[in-house]
Amino acid sequence: MIEKRQFYINGEWVDPVTANDHNVIDPSTEEPCAVISLGSAADVDKAVAAAKAAFPAWMKRSPEERIAYVEKFLEIYKTKQEEMGKAISMEMGAPIDMSKAQQWGAGFGHTKDFIKAAKEFKFIRPLGDHAPNTRIVYEGFGVCAMITPWNWPMNQVTLKVIAGLIAGCTMVLKPSEESPLNALLFAEMIHEAGIPAGVFNLINGDGAGVGTALTGHKDVDMVSFTGSTRAGIAISQNAAQTLKKVHLELGGKGANVIFADADDKAVKRGVLHMMNNSGQSCNAPSRMLVQRERYDAAVEEAAAVANSVTVGSAHEEGRHIGPVVNEVQFNKIQALIQKGIDEGARLVAGGTGRPDGLNRGFFVKPTVFADANNQMTIAREEIFGPVLTIMPFDTEEEAIEIANDTPYGLTNYVQTTDGEKANRMALALRSGMVEMNGQARGAGAPFGGMKASGKGREGGVWGLEDFMEVKAVSGWDAKTA
Numbered sequence: 000m001i002e003k004r005q006f007y008i009n010g011e012w013v014d015p016v017t018a019n020d021h022n023v024i025d026p027s028t029e030e031p032c033a034v035i036s037l038g039s040a041a042d043v044d045k046a047v048a049a050a051k052a053a054f055p056a057w058m059k060r061s062p063e064e065r066i067a068y069v070e071k072f073l074e075i076y077k078t079k080q081e082e083m084g085k086a087i088s089m090e091m092g093a094p095i096d097m098s099k100a101q102q103w104g105a106g107f108g109h110t111k112d113f114i115k116a117a118k119e120f121k122f123i124r125p126l127g128d129h130a131p132n133t134r135i136v137y138e139g140f141g142v143c144a145m146i147t148p149w150n151w152p153m154n155q156v157t158l159k160v161i162a163g164l165i166a167g168c169t170m171v172l173k174p175s176e177e178s179p180l181n182a183l184l185f186a187e188m189i190h191e192a193g194i195p196a197g198v199f200n201l202i203n204g205d206g207a208g209v210g211t212a213l214t215g216h217k218d219v220d221m222v223s224f225t226g227s228t229r230a231g232i233a234i235s236q237n238a239a240q241t242l243k244k245v246h247l248e249l250g251g252k253g254a255n256v257i258f259a260d261a262d263d264k265a266v267k268r269g270v271l272h273m274m275n276n277s278g279q280s281c282n283a284p285s286r287m288l289v290q291r292e293r294y295d296a297a298v299e300e301a302a303a304v305a306n307s308v309t310v311g312s313a314h315e316e317g318r319h320i321g322p323v324v325n326e327v328q329f330n331k332i333q334a335l336i337q338k339g340i341d342e343g344a345r346l347v348a349g350g351t352g353r354p355d356g357l358n359r360g361f362f363v364k365p366t367v368f369a370d371a372n373n374q375m376t377i378a379r380e381e382i383f384g385p386v387l388t389i390m391p392f393d394t395e396e397e398a399i400e401i402a403n404d405t406p407y408g409l410t411n412y413v414q415t416t417d418g419e420k421a422n423r424m425a426l427a428l429r430s431g432m433v434e435m436n437g438q439a440r441g442a443g444a445p446f447g448g449m450k451a452s453g454k455g456r457e458g459g460v461w462g463l464e465d466f467m468e469v470k471a472v473s474g475w476d477a478k479t480a
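In this text, residue positions in the sequence shown follow numbering that gives the first Met the number 0: the first is 0, and each later residue adds one.
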C-alpha cells in the first residue's frame, strides 16, 4: 500500500491541517492501492497564501528564466516514463503499455510544445506602426487554482501547470482524488527542477471540499478546470462571487460523420478511437453517423471491430483496453447500456455485465448500438465508457443537423475523400475542434470546445495566452527598452 499523506506547499512536503484519509482504488482489482489525505479549507488557505506571496517575484523573472526552469523540468520528466506509467496504470486503469506511451507521452509532448511556443512568443510587443510608443504587455494572471481530472491526468496537469509557469502565474493544483499519485510524482519533479518555493503548490482533495474552497477563494485570480459540465456550472457559480476568471474544459459527445466516399479504414479507425482509454475521453467520437449507402456494411464492420477489442488488467502488457476508473462509473455505464436497449437501439456488440472471464474489476464490454436516433439517451448523454452509438443519414445537410443537435461542442470528425465537402463540413460543425480523415491536430493546436463543452483553449500559443492578462501601455520609451 502506497501512503501519500502530505501536501506540497511553499516548496516543502507538509502534513495536512486535519488528517482525512482516502483510499485510492486499483480499478483492475477493486482493492486499495494507495492512501492519501484529503485537504480542508485551512490547507487551501495555506497553499493560496504561499502562491500569493510568491507571485511578485516569479512574475518579475524574465520569460527566458521561466522557460529555463521548465526546460530543466522536462529533462527530469523524460527519466520518469516507467514510474509515471505504472502510477497512472494502477490508479486509473490505463493498460501499462498505453500508460507509458500515451499517458506519459501527452505530458512530454505538451511541455515540449509550450517551450517552443514560448520562445517565439512576444510578451511585450508594439501595437502597430500607427502607435510607435504603445506596447501590448502579456503578464501572468496571478494565483491560479488548477483542478484536473482522472482520465488523462498528465495531459491535463501539464496543459495547465506548464502554461501557467511560463506565463508567470503561481498556482495551487488539485488533482483528482481518483488518480493522485501521478500528480504527486509531478510535484517531486517540480521540486527537483528547483522551481522557487510557493510558485507551485499541490493539495489533494475532493470537489466538494478543496474544490469549493479553491474556486471561491478571494485570493485566487483564476480557475482552470477540466471535468464534467455539471461541475463546471457549479464552479462558475461559486467563482462568480469573487469575479475571477474561469477556464472550463468540459464534456463532449462528438459526431464522427462517415460519408459513402470515406476511405476503407474509416469505420475501423472510428471504433478503435472510441474504445481507446476505455472510452474515457471527452473528445471521443461516440456518435458515428454513417451515410445510408454504406450504413449496413458499416454496422457489421463496427460490430466486428468492437468484438475484436480485448479487455484485461491494466497491469498486463499488450494492446487491450483496461477497466473504467471506479464503481460509480461502471454502474453509470451499465445503466446507460441498459437504457439504450430499453429505448430500442439495436445492440450489435457487447452489452451489460463484465466481459467473459473477468469477474472482478470495473471492466466493461466494448459495446456498439445501431439504428439509434439522436433523441435517445445514449446519443444525448456523455457515457464516458467504451460505448459507440451508430445512426444513419442521407444528405450532407442532415449530417450537419444531427451532428450539431447536441448541447456539447468539443470535437467532431469527418470522413470523406471529397476535399471540398470536407472543408464545408469543417466550417459548418459547431465544435472547437474538427478532425478529418484520421489526421490528428498538429502540435501546438488549441484544445477546447463550444457550448456546454466549455470555454477557453489549452495548448500552444492559445494555452499560454489563457493564463495571461493583456496590458496596454502608452508613452513607452522605445529608446531604453
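Even for Gly, the Cβ is constructed at its ideal location relative to N, Cα and C.
This structure is a prediction, so every number in the text was calculated from the model and none was measured.
The beta carbon of Lys45 lies closer than 6 Å to those of Ile8 in the same chain, with the five residues before and after it left out. In the three-state DSSP reduction, Glu177 falls in the coil class, being neither helix nor strand.
With fewer than 16 other CB atoms across the displayed protein chains lying within 10 angstroms of its CB, Ile232 is exposed. Here Val469 is exposed. Its C-beta has fewer than 16 other C-beta atoms within 10 Å. When only Cα atoms are considered, Asp220 and Leu164 end up about 15 Å apart.
Gln236 and Gly448 have their C-alpha atoms spaced approximately 19 Å apart.
Within the DSSP secondary-structure output, Tyr76 pairs in no beta bridge.
Within its own chain, the residues whose Cβ lies closer than 6 Å to the Cβ of Met390, once the five positions on either side in sequence are excluded, are Leu288 and Ala371, listed in chain order. One thing to note: Gly253 has its Cβ no nearer than 8 Å to the Cβ of Tyr137. According to DSSP, residue pairing for Gln414 in a beta bridge involves Ile257.
Nearest in C-alpha terms to Phe54, of all of Ala196, Gln328 and Asn181, is Ala196.
For Gly193 and Glu64, the gap between their C-alpha atoms comes out near 12 Å.
Inter-residue distance for Asn255 and Thr388 is about 10 Å (C-alpha atoms, whole angstroms).
If you ignore the 5 residues before and after Glu380, its C-beta comes within less than 8 Å of the C-beta of Lys252 and Leu335, all in its own chain and listed in chain order. Out of Ser227, Gly106, Ala425 and Trp475, the CA that lies nearest to the CA of Val156 is found in Gly106. Annotated three-state conformation of Ile382 is coil, per DSSP. In the three-state reduction of the DSSP assignment, Ile234 falls in the helix class.
Taking 8 Å as the upper bound for CB-CB distance, Trp149 and Gln102 are not in contact here, some 11 Å apart. Annotated as proximal: Ala166 and Gly139, with beta-carbon spacing under 8 Å. Within the model, the alpha-carbon separation for Phe383 versus Gly250 is close to 9 Å. Secondary structure note for Asp341: its alpha helix (DSSP H) is the uninterrupted segment Glu326 to Asp341. Note on Thr147: 16 or more other CB atoms within 10 angstroms of its CB, so buried under the neighbour-count rule. With distances taken between CA atoms, Asn22 lies nearest to Cys32 out of Val16, Val13, Cys32 and Asp14. If you draw a 10 Å sphere on the C-beta of Pro385, you find 16 or more other C-beta atoms in it, and that means buried. A direct Cα-to-Cα measurement between Phe120 and Gly462 gives close to 12 Å. Closest in C-alpha terms to Pro284, from the list Ile332, Gln414, Asp263 and Arg134, comes Gln414. Taking a cut-off of 8 Å on C-beta distances, the region 85-97 does not touch the region 198-215, as fewer than three cross pairs fall below it. Secondary structure of Gly84 (DSSP, three-state): helix. With at least 16 other beta carbons inside 10 angstroms of its own, Met274 counts as buried. Taking a contact to require three or more Cβ pairs closer than 8 Å, the region 351-363 and the region 391-401 do not qualify as touching. Inter-residue distance for Gly38 and Thr211 is about 11 Å (C-alpha atoms, whole angstroms). Secondary-structure assignment with DSSP links Gly453 through a beta bridge to Glu248. Contact between Ala50 and Ser36 is absent: CB atoms are separated by about 20 Å, not below the 8 Å threshold. Rounded to the nearest angstrom, the gap between the Cα atoms of Asp341 and Ala378 is 14 Å.
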